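Novice:
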Amino acid sequence: MDDDLPETETIAEPDPVSRREVRADDAAAGRRLDAVLAAALDGLSRTRIQALVKQGAVKDGDGRTVGSPSLKVAAGQWFTVDVPPPAPARPAPQAIPLEIAFEDDHLIVIDKPAGLVVHPGPGSPDGTLVNALLAHCGDSLSGIGGVARPGIVHRIDKDTSGLLVAAKTDAAHAGLAAQFAEHSIERRYTALAWGEPRPLAGRIDAAIGRDPGHRTKMAVRRDGGRAARTYYTVTDRYGGLLSLIDCRLATGRTHQIRVHLAHRGHPLVGDYLYGGRRHLPQPWRETPQAAAVESFRRQALHAARLGFVHPVTGEALAFGAALPQDIAALVSALKPLRNAGQPVTGQ
225 MDDDLPETET
235 IAEPDPVSRR
245 EVRADDAAAG
255 RRLDAVLAAA
265 LDGLSRTRIQ
275 ALVKQGAVKD
285 GDGRTVGSPS
295 LKVAAGQWFT
305 VDVPPPAPAR
315 PAPQAIPLEI
325 AFEDDHLIVI
335 DKPAGLVVHP
345 GPGSPDGTLV
355 NALLAHCGDS
365 LSGIGGVARP
375 GIVHRIDKDT
385 SGLLVAAKTD
395 AAHAGLAAQF
405 AEHSIERRYT
415 ALAWGEPRPL
425 AGRIDAAIGR
435 DPGHRTKMAV
445 RRDGGRAART
455 YYTVTDRYGG
465 LLSLIDCRLA
475 TGRTHQIRVH
485 LAHRGHPLVG
495 DYLYGGRRHL
505 PQPWRETPQA
515 AAVESFRRQA
525 LHAARLGFVH
535 PVTGEALAFG
545 AALPQDIAAL
555 VSALKPLRNA
565 GQPVTGQ
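With positions in the sequence shown counted from 1, the corresponding number in my numbering is that position plus 224.
1. Note down, in chain order, each residue of its chain lying with its Cβ closer than 8 Å to the Cβ of Pro421, except the 5 sequence neighbours on either side.
2. Enumerate, from N- to C-terminal direction, the unbroken alpha helix (DSSP H) stretches of 4 or more residues contained entirely within the stretch 371 to 414.
3. CB-CB under 7 Å to Ile376, same chain, minus the five flanking residues each way: which ones, in chain order?
4. In three-state terms, what does DSSP make of Thr232?
5. Span of the beta strand (DSSP E) holding His526?
6. Taking the alpha carbon of Arg477 as the point to measure from, which residue in Ala417, Ala552, His378 and Ala528 has its own alpha carbon closest?
7. Given 8 Å as the limit, is there contact between the stretch 301 to 310 and the stretch 273 to 289, that is, 3 or more CB pairs closer than that?
8. For Tyr498 and Arg521, which I take to be in contact (beta-carbon distance under 8 Å), what is that distance rounded to the nearest angstrom?
9. So, for Lys336: in the same chain, excluding its five sequence neighbours on each side, which residues have a beta-carbon less than 7 Å away from its beta-carbon?
10. In the DSSP assignment, find the unbroken beta strand (DSSP E) run with Ser335 in it and report its ends.
11. Drop a sphere of 10 angstroms on the beta-carbon of Arg439, count the other beta-carbons inside from all chains shown, and report buried for 16 or more, exposed for fewer.
12. How should Thr569 be labelled, buried or exposed, when 16 other C-beta atoms within 10 angstroms of its C-beta is the threshold for buried?
13. Sort Leu504, Tyr496 and Leu257 by Cα distance to Thr289 and report the nearest one.
14. Cβ of Pro317 within 9 Å of Cβ of Gly362?
15. Which residues does DSSP list as the beta-bridge partners of Tyr456?
16. DSSP on Arg445, reduced to helix/strand/coil?
17. Does any heavy atom of the ligand MN sit closer than 8 Å to the C-beta of Leu492?
18. Is the beta carbon of Ala524 closer than 9 Å to that of Ala415?
19. Could you tell me the distance, in whole angstroms, from the CA atom of Leu558 to the CA atom of Arg461?
20. Go to Ile368, then tell me how far its alpha helix (DSSP H) extends in each direction, as first and last residue.
21. On the three-state DSSP scale, how would you describe Thr271?
22. So what's Asp306 in DSSP terms, helix, strand or just coil?
23. Tell me, please, which residues DSSP counts as bridged to Arg482.
24. With DSSP collapsed to three states, give me the class of Asp284.
25. Are there 16 or more other CB atoms within 10 angstroms of the CB of Ser556, so buried, or fewer, so exposed?
26. Judging by CA-CA distance, which residue of Ala452, Ala451, Leu365 and Leu492 is the nearest neighbour of Leu554?
27. What do you get for Arg412, buried or exposed, if any count of 16 or more other CB atoms within 10 angstroms of its CB means buried?
28. Do Ala528 and Leu547 come within 9 Å of each other at the CB atom, strictly closer than that value?
29. Using the Cα positions of Ala405 and Ala263, report the straight-line distance between them to the nearest angstrom.
30. From Thr393 to Ala451, what does the alpha carbon distance come to, in whole angstroms?
31. Rounded to whole angstroms, what is the Cα-Cα separation between Gly345 and Leu357?
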């Protein structure tokens with residue numbers, strides 16, 4: 225769902241360090257370590273080996289760190305080399321259309337469409353919001369987030385639509401990050417969920433962490449999770465089958481709204497990861513309403529409102545984003561269900 229950096233969207237495992245092992249043969253006896261390793265390890269130059277030695281990444285067979293690349297090796301001697309993943313490359317600018325809600329010299333607010341990943345990562349090397357921002361803003365993006373994430377202060381999931389703010393300057397980035405850390409930024413989402421939460425308005429307090437049984441999921445955790453709070457209000461009901469819900473984030477954990485509502489038994493429509501692929505019961509099974517629900521292929525979640533204090537001018541800013549066409553059409557199709565009074569069923 226929403227993710228305040230530096231907390232960890234998209235759940236992506238960091239690239240692991242690659243451990244390489246080398247045994248010096250008889251021909252290597254008496255030669256320099258850097259020359260022996262460079263000859264034995266494809267893709268690693270002698271200069272790179274020297275740098276790895278200086279970083280403490282090369283150890284002998286007894287696990288002791290090798291301190292000098294000029295060490296003369298002995299036949300039969302073993303060495304291990306820990307090769308870190310390559311540094312991320314600077315993303316390339318790409319002319320991807322942006323719907324801009326606000327922009328000045330310090331920041332830019334985007335109404336992100338569903339399907340657009342926020343920044344490059346495993347599986348999404350380009351075609352992201354960052355690539356679009358680089359094309360639109362050029363070098364006028366904060367560098368605090370690192371080479372791969374210029375301007376990025378927070379994230380929303382690929383298949384969640386709606387408002388997101390990016391920083392053009394380091395001062396703006398720092399100021400926005402402080403507001404996220406203080407939980408003073410207003411973030412409201414519109415969600416379409418299964419069932420009818422009770423009470424119709426309330427608060428969900430449940431710590432969130434990685435699901436130990438599924439590497440791409442988050443879960444409510446009694447141990448090892450981070451505190452998470454979501455306020456919610458049901459704004460429209462569809463006969464007990466579905467509910468339109470206004471959700472306000474007090475924290476910004478990965479997939480927070482999706483996890484919290486699913487934990488309460490009300491997964492988002494279309495959210496395959498958290499159990500939201502369900503069917504309407506009879507007598508609605510063979511209706512346009514059922515077809516609309518079952519053909520909705522993303523989580524029905526939209527970042528509808530974003531409010532914060534401008535980190536440079538001090539002005540209070542608030543932005544709203546209307547429902548995107550797909551969710552708006554789904555909500556419209558469900559209107560006949562308002563008087564249904566039928567219980568929801570699972571898959």
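By construction, the Cβ of each residue, glycine as well, lies at the ideal position given by its N, Cα and C atoms.
None of these values were measured; they are calculated from a predicted model.
Specialist: So, from the listed chains and residues:
1. Tyr456, Val458, Ser467, Ile469, Leu485, Arg488 and His490
2. 394 to 405
3. Leu229, Val342, His343, Val354, Gly369 and Ala390
4. Note that Thr232 has pLDDT 32, beneath the 50 cutoff, so the model's placement of it is unreliable and the number below is only indicative. Coil.
5. Leu525 to Val533
6. His378
7. yes
8. That belief does not hold up - the Cβ atoms of Tyr498 and Arg521 are roughly 14 Å apart, past 8 Å.
9. Leu353, Ile380, Ser385, Gly386 and Leu388
10. Ser is not the amino acid found at residue 335; the sequence shown has Asp there. Here the beta strand (DSSP E) through Asp335 covers Leu331 to Lys336.
11. exposed
12. Because Thr569 sits at a pLDDT of 38, beneath the cut-off of 50, its placement in the model cannot be relied upon, and the following sentence gives the value as read from the coordinates. Classification of Thr569: exposed, given that the 10 Å Cβ count is below 16.
13. Leu257
14. yes
15. Gly426 and Cys471
16. coil
17. The ligand MN is absent from the structure shown, which contains no ligand whatsoever.
18. yes
19. 10 Å
20. Per DSSP, Ile368 belongs to no alpha helix (DSSP H) and is neither H nor E.
21. helix
22. strand
23. BP columns for Arg482 are empty, so no partner.
24. strand
25. exposed
26. Leu492
27. buried
28. yes
29. 49 Å
30. 30 Å
31. 16 Å
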